[in-house]
Amino acid sequence: AWHLIAEAERLAYADRDRYLADADFVSVPVAGLVARDYLARRSQLIAPDRTIPAVEPGTPAGAKAALADTLTPDVPSTSHFVVVDRYGRAVTNTSTIESSFGSGLMVNGYYLNNELTDFSLAPERDGKPVANRVEAGKRPRSSMAPTLVYGPDGKLRLAVGAAGGATIPVQVLRVIIGVIDWNLPVGDALALPVLFAPGGTQVFVEKGSALEAMIPALQALGHAEVVARELPLKANAIEVVGGKLRGAADPRSEGAAVSE
Numbered sequence: 039a040w041h042l043i044a045e046a047e048r049l050a051y052a053d054r055d056r057y058l059a060d061a062d063f064v065s066v067p068v069a070g071l072v073a074r075d076y077l078a079r080r081s082q083l084i085a086p087d088r089t090i091p092a093v094e095p096g097t098p099a100g101a102k103a104a105l106a107d108t109l110t111p112d113v114p115s116t117s118h119f120v121v122v123d124r125y126g127r128a129v130t131n132t133s134t135i136e137s138s139f140g141s142g143l144m145v146n147g148y149y150l151n152n153e154l155t156d157f158s159l160a161p162e163r164d165g166k167p168v169a170n171r172v173e174a175g176k177r178p179r180s181s182m183a184p185t186l187v188y189g190p191d192g193k194l195r196l197a198v199g200a201a202g203g204a205t206i207p208v209q210v211l212r213v214i215i216g217v218i219d220w221n222l223p224v225g226d227a228l229a230l231p232v233l234f235a236p237g238g239t240q241v242f243v244e245k246g247s248a249l250e251a252m253i254p255a256l257q258a259l260g261h262a263e264v265v266a267r268e269l270p271l272k273a274n275a276i277e278v279v280g281g282k283l284r285g286a287a288d289p290r291s292e293g294a295a296v297s298e
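Throughout the sequence shown, residue numbering follows the working numbering, covering 39 to 298 in sequence.
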């Protein structure tokens, strides 16, 4: 399962690095990226017994072929909270000023952000413009992924989000998989280890977790660069089970769940 998750992450981050940027400046093929036929084609690239040798961005409907990939990493320092009331009204909120204390400059009692670092600092690559390049009045690409999951009956099933820069989507992913696909209580899903495959050939696994012992197995499937390292563990979530709310935070974080 972790091999399949790694492959899906590699494909997703390849598309992210190619296409995602401020939609006021770049034509982002959102509908094409989430279209069922496109996702089906991308999933066919994944094999259960071997890795994809070289991951490339796909070509979803509406994509502009003239864009180049970005190589700029995200800097993690963000906050996230989830609130659900007795009526099922939910808020999942991620907020950031980028690095700790942002730019380090304070104005009228609050710190200015340093979100400029979320842009791709190289405007072109191989003669092609980078979607997330710096431009006046433009918003930088963000990894924030506050998520609400609804059941077939239209009722709230899960509210989740995380902090941690570019690892936010994979932190959220493992909670959704744990709760929805593996039927784990939300606390157990949040305790799952983190695997981060940001494209290319690198796969990072949470140091000291059960995934570290799986490195030889992942390498045997063709993942040549599997590295155990400290990863952000800053997700929190609330699930709705039988009309009752269950809240939890990653047990390795300083987060907590409270009720009243």
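Where is the CB? At the ideal position from N, CA and C, for every residue including glycine.
Rounded Cβ spacing between residue i and residue j (contact assumed at less than 8 angstroms)
i, j, result
"Ser275", "Leu154", "The sequence given here places Ala at residue 275; Ser does not occur at that position. 31 angstroms between Cβ atoms; not a contact."
"Ala273", "Val224", "Rounded, the Cβ-Cβ distance is 10 angstroms, inconsistent with contact."
Proximity of residue i and residue j at Cβ, strictly below 9 angstroms
i, j, result
"Arg177", "Asp62", "yes"
"Gly237", "Arg48", "yes"
"Lys179", "Asp53", "The amino acid occupying residue 179 in the given sequence is Arg; Lys does not appear at that position. Contact: no."
"Pro91", "Arg56", "no"
Per-residue DSSP class, three states only, for residue i
i, result
"Ala46", "helix"
"Leu154", "helix"
"Glu298", "coil"
"Arg56", "helix"
"Pro254", "helix"
"Ile32", "Absent from the model: residue 32. The displayed extent of the chain is 39 to 298, so no value can be given."
"Val264", "strand"
"Leu249", "helix"
"Thr110", "The predicted position of Thr110 is uncertain, since its pLDDT is 49 and thus under 50; no value can be drawn from it."
"Leu283", "strand"
"Ala275", "strand"
"Val172", "coil"
Nearest to residue i (by Cα), restricted to the options the options
i, options, result
"Gly100", "Asp191, Pro67, Ala73", "Pro67"
"Ser281", "Leu271, Glu244, Asp123, Ser141", "For the sequence presented, residue 281 should be read as Gly rather than Ser. Nearest option by C-alpha distance: Asp123."
"Trp40", "Ser291, Val243, Gln82, Glu298", "Val243"
"Asn131", "Ile43, Tyr76, Thr185", "Thr185"
"Lys245", "Gly126, Val121, Ala258, Leu230", "Leu230"
"Ala342", "Gly199, Met252, Glu136", "Residue coverage of the chain in this structure runs from 39 to 298, which leaves residue 342 outside it and unanswerable."
"Gly189", "Ile218, Leu42, Ala248", "Ile218"
"Thr116", "Ile135, Gly126, Arg127, Lys102", "Ile135"
Extent of the continuous beta strand (DSSP E) to which residue i belongs
i, result
"Arg74", "Not the beta strand (DSSP E): Arg74 falls in the alpha helix (DSSP H), residues 74-81."
"Leu196", "194-201"
"Phe119", "116-122"
For residue i, the first and last residue of its enclosing alpha helix (DSSP H)
i, result
"Arg212", "206-214"
"Ala227", "224-228"
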